[in-house]
DNA sequence: CGTGAATTCATACTTTTGGCCGATAGTATT
DNA sequence: AATACTATCGGCCAAAAGTATGAATTCACG
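Protein chains in written order, with the numbering used here: chain A, 122 to 263; chain B, 122 to 263.
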């Protein structure tokens, strides 16, 4: 997975840095050995602190956006589901009867039946419960 | 790509760190003062790096284990929904007809009708779509 | 302006579902 | 043993849902 990969890469990079520092240290003699070691330790310490802080900051966000539904417009277009049909589908999902849907949309039950029939064709279903299941699969409704 | 981005960012951070160190080193010849300066800089740098890494780690977590459903047993007990009734409810959710459910469970359609009727009473519904909606609200089904 | 898609409605018919009754059998509980 | 709950089944009727077909209207687009 990319996550593990990035962690490993990070570790490798870290090791490389330390190696370079060591190399530079021995190459151009100079400063005391413990300084870089100290720096390394401090770096590690503060990185973990940063990770902790970062997690703390984002923890609230972690819980929130977990259930955010977005309608798959592409799928809708692909199936050729119209606005009106989608309205009807949504109301079916809310458990309304044809009569109730008709009243809500100010049309006759005949119209609703036509819409549902067309929906069933497009969703390859023969019952409303089946249509709901399919629509959920296709990410058309939540 | 995110991976490449992280490597680049890390590299930039390293370059900045080294640059600052060098700068400080040549500018002030004082060892004791610059040590603390180094440490401060390193600490700040690595904390922010850590925050970034931490955010990265949690951000992935947000997307991946999004939402797995767990049935609300308490609610089921409260409503007095039996095992068999729950089976039927699940199959209704999958879009099956009474006949199909009956065949799947090796019982008659009469039995399924009895179960559904009882379910409707317990879920305060009068249609299967409504029952599904209610059951979802109550976290009984996904 | 014509064409096609979308929306609307109706009628007739079939299938599915739901409401209401009663009944039997097994299991668990008291 | 009596009681309560679960699961099973059947019949009857009515309501809801679904199928098929045809048709009128509106509306966007070329």
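The C-beta atom is built at its ideal place from N, Cα and C for all residues, glycine as well.
Residue contact check for residue 206 of chain A against chain B: no CB pair falls below 8 Å. Those residues of the region 206-220 of chain B placed with their C-beta closer than 9 Å to a C-beta in chain A are 213, 214, 215, 216, 217, 218, ordered along the chain. Taking the CA atoms as reference points, residue 207 of chain B sits about 50 Å from residue 170 of chain B. Here DSSP, grouped into helix, strand and coil, assigns residue 215 of chain A to coil. What residue 256 of chain B touches in chain A, judged by beta-carbon distance under 9 Å, is nothing: the nearest beta carbon there is about 10 Å away. Taken in chain order, the whole alpha helix (DSSP H) runs of length 4 or more contained in the region 192-253 of chain B are 194-200, 204-214, 219-226, 230-244. Segment contact: the region 190-208 of chain B against the region 224-240 of chain A, fewer than three CB-CB distances shorter than 8 Å; contact not assigned.
Taking every protein chain shown into account, the CB of residue 242 of chain B has fewer than 16 other CB atoms within 10 angstroms, so this residue is exposed.
By the Cβ-count criterion, residue 255 of chain A is buried, with 16 or more other Cβ atoms from all chains shown falling within 10 Å of its own Cβ. Against residue 250 of chain B, the close residues of chain A are 213, 214, 215, 216, 217, 218, 249, 250, 253, in the order they occur along the chain (beta-carbon pairs closer than 9 Å). Across the structure, residue 216 of chain B and residue 199 of chain B are spaced so that their CA atoms are roughly 26 Å apart. By the CB criterion at 8 Å, residue 214 of chain B and residue 240 of chain B fall outside the cutoff. Of all residues in the region 237-248 of chain A, the ones placed with a Cβ closer than 9 Å to any Cβ belonging to chain B are 246, 247, 248, in chain order. Residue 191 of chain B and residue 212 of chain A have their C-alpha atoms roughly 26 Å apart. Look at residue 259 of chain A here: in three-state DSSP terms it is coil, with no helix or strand label.
Residue 230 of chain B sits away from residue 249 of chain A, with the two beta carbons spaced by 8 Å or more. It is roughly 11 Å from the alpha-carbon of residue 258 of chain A to the alpha-carbon of residue 193 of chain A.
By the neighbour-count definition (other C-beta atoms within 10 Å, threshold 16), residue 223 of chain B is a buried residue. Note that the C-beta distance between residue 210 of chain A and residue 262 of chain A is below 8 Å. Taking C-alpha positions only, residue 221 of chain A is separated from residue 260 of chain A by approximately 25 Å. Residue 245 of chain B has its alpha-carbon roughly 13 Å from the corresponding atom of residue 197 of chain B. Here the alpha carbons of residue 195 of chain A and residue 219 of chain B stand approximately 33 Å from one another.
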